[in-house]
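Each remark here refers to the structure printed beneath this line.
2 protein chains.
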Amino acid sequence: MIKPRTMPGVLELLPLDQIAFQRMQDVIRSAFERFGFLPVETPAIEFTDLLLTKSGGETERQVYFVQSTGAREQGQEPDLALRFDLTVPLARYVAEHEHELSFPFRRYQMQRVYRGERAQRGRFREFYQCDIDVVGKDSLPVRYDAELPAVINAVFEELRIGEFTIQLNNRRLLRGFFESVGVSDAAQQAAVLREIDKLDKRGADAVATTLRGESFQFASEVVERIMRFVAVRSGSHGEALAQLDTLPDSNETLRAGRDELREVLNMIQAFGVPEHRYAINFSIARGLDYYTGTVFETTLDAHPEIGSICSGGRYDDLASQYTRSKLPGVGISIGASRLFWQLREAGLIKSSGSSVQALVTLLDEGDLPHYLALASELRAAGIATEIQLEAIKLARQFKYADRAGIRFVLVYGGDEQARGVVTIKDLSTGDSFAVDRADVTRALRVEIAQGETMAEVPTA
Amino acid sequence: MIKPRTMPGVLELLPLDQIAFQRMQDVIRSAFERFGFLPVETPAIEFTDLLLTKSGGETERQVYFVQSTGAREQGQEPDLALRFDLTVPLARYVAEHEHELSFPFRRYQMQRVYRGERAQRGRFREFYQCDIDVVGKDSLPVRYDAELPAVINAVFEELRIGEFTIQLNNRRLLRGFFESVGVSDAAQQAAVLREIDKLDKRGADAVATTLRGESFQFASEVVERIMRFVAVRSGSHGEALAQLDTLPDSNETLRAGRDELREVLNMIQAFGVPEHRYAINFSIARGLDYYTGTVFETTLDAHPEIGSICSGGRYDDLASQYTRSKLPGVGISIGASRLFWQLREAGLIKSSGSSVQALVTLLDEGDLPHYLALASELRAAGIATEIQLEAIKLARQFKYADRAGIRFVLVYGGDEQARGVVTIKDLSTGDSFAVDRADVTRALRVEIAQGETMAEVPTA
């Protein structure tokens, strides 16, 4: 007997949780599609020479290699691995199919990625990412950077998990600022940005101490200017623009970054995103080195401890390893498995009811054809219906429905048949009512529609 | 520069094909849910000791092993592998979560599986399977076997890929028959069944010759009885029942199998499956050894060369390797990637239009806020809308929409604004018409709804 188990670091859900997770995925997908993004799916397995071309950062060192039985028997080194994100596969996809795609290429992709890292609570080895990217050929106007916050706004508004803020910054503006305080070396800038990224975790004092300390040796005046700069946040659209206006006119890079950020802010407003949903935050740098302009993070106002639930940014060139074409783009990513897990931990998502809406009970096996006809009728009307096919005690059939999260139980026994009615019991309220046999489908549709409307009333 | 490419044996689709594939998946999922099946997803990676417990058949020899960078560096043997089907993960899942599930447990699962086999045309190394299973605890009435053909009927009716036939047989009946002609040894029965499974490919004469030949050495009379038996097909419900009635009353196994098959046939009829959609076919055995009762295959009437597009059957015990509980069940599987590929090869599926329904063009950058407001309005009404954010020539914007498969192009230039209208061009017909600005959303919804109704008129 082998103990049934999964490897640590995967999110395997029981059916009711899986239904809740799928509803979340459906909301995300529907918003992506409404904004005109096209679906793409790529294989989980990629060639290692394609997958592992970048600088060899943290993620690459945590890859899962893949090898068929045959390749292993031949003693080969693995030339396949599982993707660790959806960006490298996107780059490969766009480069491979470049001449068959229309640009700007707007794709969404919602698939699992794999990281062979050490298992620890809240870290996943297999998880869903939900990505959108707009990829231009040769150029892509900065306006597209503003469309992604509009998508983020739609997604999280519809997920109904509380108020959120899309935090914006610009890498060019950051670079220009650091140049202006004398930190011009790219490697040193990167090191400072890594420190600043820890601001929320370590606190301002700790970061300032590090910048003053041995590894950086910045003058106090420089550290103060840096700390003042990275503390900048905005509370409204007007305040964000005013903050940009107060920036010194130090150099071309800073000016370019500031102008981009201003354009993005104004476009976000034009896209109709409410102004309490976005803000500038000069401490946001994003770890990934390939972001070159706009960067985004999204936080839940009531749950800052969750960190960013949707991040991304603008990059200059997506696929320089695979093609000579210049492919600038902008993208965001939602780590759906982690998000779901965190929302559940924070009590913001509860297991929903079943996707099964009605159970047709079985009382008399001789009446089975009647029950089957009833179930077929409901299904034809789009009502997800299960039918009990074994004549166990009625109480047990009710208990089963209750445990399985099925809301409506239908009883159509000899008594009901004589009266030409079906008894519907709503397990969510305990109410029972009889409806004409001919009217069952319509009545149940009304009940279900009412339930859906009520579920839309915010509970927090 | 690294050549962008995927490994052979994967089905990577361009966006319009991906949309068509996704629509197929949506139809399947929707039917599964309507019949009261619950979603389950399991990790792609399983422990090898769990995955590779069965008899070590063909599939197991073609597994992809998985190993993290860390585990490789430590020189370990891989203890992880990618699933090669969804049945072993289901067995593991049910055994692991047994006490948290309600039985009969009705689950659907639509995920990719992996087979490390030699690449050849039409054979996939990574492909979607769409499975449903009903798993009972201790027992599961044979009636459940009849519900799956009802699901198959709904799925393929809605996929609109032509008429199909669900072919039914019963393994018990087969065993009973072979016993009755003196083939009682289990191993020999299995060998005969493997031959019979080749009937459609090799033809009756070739199979008969093999059965008479060295490896079997059956008497001519026995071979004749076998060939007569496996040639049995039915053309109607009544004929199917009549065929069962003519079977000799040879032994208990045959009688039991016959009674099961009769009950399943009658229940399929009661489920409302039209009688031209199902038939008995005594040559169907299904390769997998774990089927014990009802077995199914589904074929497209006009495309027998495609083979079975949906197969499955009844098994006595799902998870005997992982639990002492007895878990009998019945299930079916659709190999969606292969099916899609074959349907496309046969010309039965064409690339659909884009999921993007409307393109808002950009004429004057100064008017961008008007265009953004228009796009937001359409999106809020559920119309998938892309907005052009770069003021390239209008002709190029139309060309882009045409190439991208977007049906409606909206023009809202200075002229239209002065008249208070928006010009809508339907690229599928070439028709243009102006509608009041305030009426755009409603007008477009009507057009889209009409398009959907027309798409439902069969074209073959």
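Those sequence lines, one after another, are chains S and H.
Quick note on numbering: the first sequence equals residues 628 to 1087 in the numbering used here.
Quick note on numbering: the second sequence equals residues 628 to 1087 in the numbering used here.
All residues carry an ideal CB built from backbone N, CA and C; glycine is no exception.
- THR926(S) is bridged by DSSP to THR792(S).
- Runs of the alpha helix (DSSP H) lying entirely within the stretch 635–695 of chain H and spanning at least 4 residues, in chain order: 642–661, 675–678.
- The Cβ-Cβ distance between LEU874(S) and ARG885(S) falls below 7 Å.
- Annotation note: the stretch 792–870 of chain S contains the following uninterrupted alpha helix (DSSP H) runs of length 4 or greater, listed N- to C-terminal: 798–807, 813–823, 826–829, 831–839, 847–857.
- Counting of Cβ neighbours within 10 angstroms places ILE976(H) among the buried residues, the total reaching 16 or more.
- Within the stretch 942–973 of chain S, the residues whose Cβ lies closer than 8 Å to any Cβ of chain H are, in chain order, ALA946, GLN948, TYR949, THR950, ARG951.
- Between the alpha carbons of PRO716(H) and ALA1000(H) lies a gap of roughly 48 Å.
- In this structure, ASN893(S) is the residue among ALA671(S), LEU1016(S), ASN893(S) with its C-alpha nearest to the C-alpha of VAL769(S).
- With a threshold of 7 Å between beta carbons, GLN652(H) makes no contact with chain S.
- Scanning chain H for C-beta atoms nearer than 9 Å to the C-beta of GLN649(S) yields PRO666, GLU668, reported in chain order.
- Taking CB atoms only, ASP1053(S) has no neighbour in chain H less than 7 Å away.
- Here ALA912(H) is not bridged, per DSSP, to any residue.
- For TYR755(S), no CB of chain H lies under 7 Å from its own CB, so it is not counted at the interface with that chain.
- Interface flag for ASP676(S) against chain H is set, since a Cβ pair is found closer than 7 Å.
- Given a length threshold of 3 residues, each whole run of the beta strand (DSSP E) inside the stretch 988–1019 of chain S is given here in chain order: 1012–1014.
- By the CB criterion at 7 Å, GLN816(S) and PHE804(S) fall outside the cutoff.
- Residues of the same chain with a CB within less than 8 Å of the CB of ALA658(H), apart from the 5 flanking positions on each side, are VAL778, ALA781, VAL782, GLU785 in chain order.
- The C-beta of ILE911(H) comes no closer than 7 Å to any C-beta of chain S.
- Distance from the CA atom of LEU954(S) to the CA atom of VAL922(S), rounded to whole angstroms, is 18 Å.
- If you draw a 10 Å sphere on the C-beta of THR1056(S), you find fewer than 16 other C-beta atoms in it, and that means exposed.
- In this structure, the alpha-carbon of ILE655(H) lies about 55 Å from that of ALA833(S).
- Where THR950(H) is concerned, there is no enclosing beta strand (DSSP E), because DSSP gives it neither an H nor an E.
- Closest option to ALA985(H), judged by alpha-carbon separation, among TYR942(H), PHE1025(H), ASP676(H): PHE1025(H).
- At a cut-off of 7 Å between beta carbons, TYR998(H) makes no contact with chain S.
- A residue is called buried once 16 or more other Cβ atoms fall within 10 Å of its Cβ, and LYS1052(H) is buried on that count.
- Contact of PHE711(H) with chain S by beta-carbon distance below 8 Å is absent, the smallest such distance being about 11 Å.
- Not a single CB atom of chain H sits nearer than 7 Å to the CB of ILE759(S).
- Listed along the chain, the chain S residues whose CB falls inside 7 Å of the CB of ILE629(H) are ASP676, LEU677, THR680, GLN948, TYR949.
- In this structure THR836(S) is exposed. Its beta-carbon is surrounded by fewer than 16 other beta-carbon atoms within 10 angstroms.
- GLU753(S) and ILE933(H) have their alpha carbons spaced roughly 35 Å apart.
- In the structure shown, GLN747(S) falls within a coil segment according to DSSP collapsed to helix, strand and coil.
- Judged by DSSP in its simplified three-state form, SER964(H) adopts helix.
- According to the DSSP secondary-structure assignment, GLY939(H) is paired through a beta bridge with PHE923(H), ILE959(H).
- GLU753(S) is bridged by DSSP to TYR741(S).
- From the beta-carbon of GLY940(H), no residue of chain S is found nearer than 8 Å; the closest lies around 17 Å away.
- Between LYS764(S) and ASP772(S), the alpha-carbon positions lie close to 15 Å from each other.
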